[in-house]
Amino acid sequence: MYSLKMSVGALVTLVVALLAVTELQAAPALPSSAGTIERTLPGQQGITAPPPAAEDIVAPTPVKESARPTNGRKITVSRFIVEGNTKLTEDEIAQFLGAAEGKALTLAEIYELADRLGAAYRDKGYRLATVTVPPQKISDGEIRLEVTEGVLESVQVTQTNRFSETFIRKQLDQLEDGEVLSLEAMEREMLLLNDIPGLSARSVIKPGTAYGTSVVEIDAGEKIYDGYLSSNNYGREDVGEWRLEGGVSLNNPLGIGDRLSFDFMHTQADLLNYYAFNYSLPVTKAGTRLAFSYSEAEFEVALDSAIKAAFSGGQLEGVTRSARIQLSHPLVRSRDRNILLGVGLLHKDANSEDEASLTQPHAFDREDTINLLDLSVVMSQVHADRSISNVAAVFWTNFRKRRNDPFAVDDAGAPASGGDRNRLRGKLRIDANHLRSFYWDSSLFLRAAGVLAVDALPESEKFGIGGPADVRGFPTSEVRGDQGYSLTAELRRPFKDVLGQDLLARAFFDVGKVYRKDRLPLVERTQSLSSLGFGVSLSPFKRLQVDLNMAFPTNGHKASDGSHSSRYWASLSTQF
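Using my numbering, read the sequence shown as starting at 752 and increasing by one per residue.
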């Protein structure tokens, strides 16, 4: 029995290899697999945008320098006495005042030292702090400096219908009445507050009732639901090139800052139907969230006529399912720098049914299941020149080493993708991009993405290139492998009032490569793609976004859908 299963599995593997080679002879490409289809689903295309910034924190006008006395009379300073300080150490104060002690200074020079010490407070985030030279009678050369650090008197909240004043105030646990107000801490608190789904908040700092105190007013707004709808041709031809995508989210349904969302996708000819549910809720006031998600995609592959001839009476259909739980935490949250950490557990299974064989019709079921642990980090940085960098890295593993037999088969006699398809010792994906100003009012966008793997990957986990997210001159997930990379350089330039519209024009060059770890007969271990093109984005109406790209292959790879010249990508979307 084992030898029969081995021979059938080897035969199927050899046929797959032969069909892959015929691609070089313009023969029909193999139909999309469950793993290929998975990469076309929403949320599979790469790095997400950095977290949004909160509304401005409106603070009092920055402290101006004290008026300089014009009296040039000098005073020999024996020492400075700093009153009201709680946030700077003696060593930090000595850095500004120590060198001046024992010297003869004018009043203007003493006021300048007070201003420099006040700037030191503000550099540490205490931007409401002031240092003054109070009226005093100087004896023995001792000079008193008075620090007003800026104490928080109270936080006043304008509540909304679904977010109570108590809920909002609890989120601002780092802003304590009677404590010195740090705008750095306040910035983090406001950003985390605005990260809560459906909540938008703006803060205003006003003088308190007592001298040196401040009142923070929080003006909160809410959005009960939000959603999107999009039509595009981002799919693969054999599972529906044109598709309709959409989703709706209910914010704060239980009044705890949670979010419930539903997403769907439907392709032409009813070949692919996808839906996903997601629920997340906060678990700490520091921004930690727990998320649960489930998605399912049912597909039917429209087989090419030549493929049907090879697989007489063939029909390929199946379903993929995914369930995930993830815990995320914002380690750093600020306007200029963000670091988000995550850990999750993922379960995926795919079932494919093929009603054909090489010689006669027969039922053939293949089910792949994999469980993975994932560790992730997402970072964003706004640099001093206002350029922006984003980096996302995810590592997946289930600590299981694969078998080193590419011709191994499962109980159904099908190729087992190198042994057990639930074995993945390690897979690392890194996705980075950088956007900066360029010449002539243009900007330059650079992106690099890649995957490294310890062993050959299961079918569902392979890395693919091609499509609107990377090498745009080829179909989505045109080639796949165990390792690989994609690189993009894109020049962007906005144009104002073109035919009554503002538009963003772009020119781009994409390149990518995949590597296969297994050595299969007559199958190339590496494949490369490259293309260049141009595109535009515009909003002809409020909330309506149009995105068009035209790309041209620049290497000799023959596309699986038979198109070897130009390719266009189109998207029409709206948000509400």
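Note that the Cβ used here is the ideal one computed from N, Cα and C, for glycine as well. Please read these numbers as outputs of a predicted model, since none were measured by experiment.
What's the gap between the Cα of residue i and the Cα of residue j?
{"i": "Asp1125", "j": "Leu1097", "result": "7 Å"}
{"i": "Pro1272", "j": "Gln1278", "result": "15 Å"}
{"i": "Glu916", "j": "Leu923", "result": "11 Å"}
{"i": "Thr827", "j": "Lys838", "result": "28 Å"}
{"i": "Val1297", "j": "Gln1252", "result": "12 Å"}
{"i": "Ala1199", "j": "Ser965", "result": "47 Å"}
{"i": "Ala859", "j": "Gly835", "result": "22 Å"}
{"i": "Thr1305", "j": "Thr787", "result": "23 Å"}
{"i": "Lys1152", "j": "Gly1217", "result": "29 Å"}
{"i": "Gly1307", "j": "Val1222", "result": "14 Å"}
{"i": "Glu897", "j": "Pro886", "result": "10 Å"}
{"i": "Gly1008", "j": "Tyr1025", "result": "27 Å"}
{"i": "Glu938", "j": "Ala971", "result": "15 Å"}
{"i": "Ser905", "j": "Glu992", "result": "57 Å"}
{"i": "Arg1088", "j": "Asp1136", "result": "14 Å"}
{"i": "Val1230", "j": "Gln1326", "result": "32 Å"}
{"i": "Tyr1236", "j": "Arg1257", "result": "22 Å"}
{"i": "Arg1267", "j": "Arg1318", "result": "27 Å"}
{"i": "Gln1019", "j": "Phe1050", "result": "11 Å"}
{"i": "Asn945", "j": "Val1129", "result": "18 Å"}
{"i": "Lys1213", "j": "Ala785", "result": "11 Å"}
{"i": "Ala800", "j": "Arg873", "result": "Only weak support exists for where Ala800 lies, its pLDDT of 44 falling under 50; the value from the coordinates is given anyway. Each residue's alpha carbon lies about 31 Å from the other."}
{"i": "Lys1036", "j": "Ser1140", "result": "27 Å"}
{"i": "Ile861", "j": "Tyr962", "result": "24 Å"}
{"i": "Arg1172", "j": "Phe1146", "result": "18 Å"}
{"i": "Trp1191", "j": "Leu1242", "result": "11 Å"}
Taking 6 Å as the limit between beta carbons, can you name the residues of its chain near residue i, skipping five residues before and five after?
{"i": "Val1094", "result": "Leu1078, Leu1126"}
{"i": "Trp1320", "result": "Pro1219, Asn1300"}
{"i": "Tyr1030", "result": "Leu1011, Phe1043"}
{"i": "Asp1206", "result": "Arg1153, Arg1176"}
{"i": "Arg913", "result": "Glu973, Asn1003"}
{"i": "Ser1290", "result": "Gln1296"}
{"i": "Gly986", "result": "Thr791, Glu992, Arg994, Thr1018"}
{"i": "Leu1109", "result": "Per-residue confidence for Leu1109 stands at a pLDDT of 45, beneath the threshold of 50, marking its modelled position as unreliable; the derived number appears in the next sentence. Closer than 6 Å at the Cβ level, and outside the excluded window around Leu1109, lies no residue."}
{"i": "Tyr979", "result": "Gly998, Gln1326"}
{"i": "Pro802", "result": "With a pLDDT of only 47 at Pro802, under 50, the local geometry of the prediction cannot be trusted, and no value is derived from it."}
{"i": "His1185", "result": "Ser1140, Leu1197"}
{"i": "His1080", "result": "Thr1039, Leu1092"}
Would you please state the rounded distance, in angstroms, between the beta carbons of residue i and residue j? I believe it to be under 8 Å.
{"i": "Glu996", "j": "Pro793", "result": "6 Å"}
{"i": "Ser1085", "j": "Leu1323", "result": "With a Cβ gap of about 36 Å, Ser1085 and Leu1323 do not count as contacting."}
{"i": "Ser1103", "j": "Leu1067", "result": "7 Å"}
{"i": "Gly876", "j": "Glu935", "result": "3 Å"}
{"i": "Gly1284", "j": "Gly1224", "result": "7 Å"}
{"i": "Leu1082", "j": "Ile1090", "result": "4 Å"}
{"i": "Val931", "j": "Val902", "result": "6 Å"}
{"i": "Lys1178", "j": "Ala1143", "result": "So it is not a contact: roughly 14 Å between Cβ atoms."}
{"i": "Ser1194", "j": "Glu789", "result": "Between Glu789 and Ser1194 the Cβ distance is about 32 Å, and since that is not below 8 Å, they are no contact."}
{"i": "Asp1261", "j": "Ser1282", "result": "5 Å"}
{"i": "Gln907", "j": "Ile969", "result": "7 Å"}
{"i": "Lys825", "j": "Leu856", "result": "6 Å"}
{"i": "Ala871", "j": "Glu843", "result": "7 Å"}
With a threshold of 7 Å on Cβ separation, who are the neighbours of residue i within its own chain once the five nearest residues in sequence on each side are excluded?
{"i": "Leu864", "result": "Phe847, Leu848, Ala851"}
{"i": "Asp1100", "result": "Arg1072, Glu1118, Asp1119, Thr1120"}
{"i": "Leu958", "result": "Residue identity check: residue 958 is Pro in the sequence provided, not Leu. Excluding sequence neighbours, Pro958 sits near Ser965."}
{"i": "Gly869", "result": "Val814, Ala880, Thr881, Val882"}
Looking only at its own chain, which residues have a Cβ that is under 8 Å from the Cβ of residue i, when we skip the five neighbours before and after it?
{"i": "Leu1001", "result": "Ile975, Tyr976, Arg1010, Leu1011, Ser1012"}
{"i": "Tyr867", "result": "Checking the sequence, you will find Arg at residue 867 rather than Tyr. Excluding positions up to five away in sequence, the list reads Phe847."}
{"i": "Lys854", "result": "Thr827, Val828"}
- At what residue ranges does the segment 921-950 contain a whole run of the beta strand (DSSP E), taking only runs of 3 or more? none
- Message: What ranges does the beta strand (DSSP E) occupy inside the segment 1200-1281, keeping only unbroken runs of at least 3 residues that lie completely in it?
- Response: 1214-1216, 1230-1232, 1234-1249, 1252-1266
- Three CB pairs or more closer than 8 Å across the segment 944-957 and the segment 887-894: no
- Query: Between the segment 1236-1248 and the segment 1005-1025, are three or more C-beta pairs nearer than 8 Å?
  - Reply: no
- Message: What ranges does the alpha helix (DSSP H) occupy inside the segment 858-893, keeping only unbroken runs of at least 4 residues that lie completely in it?
- Response: 858-874
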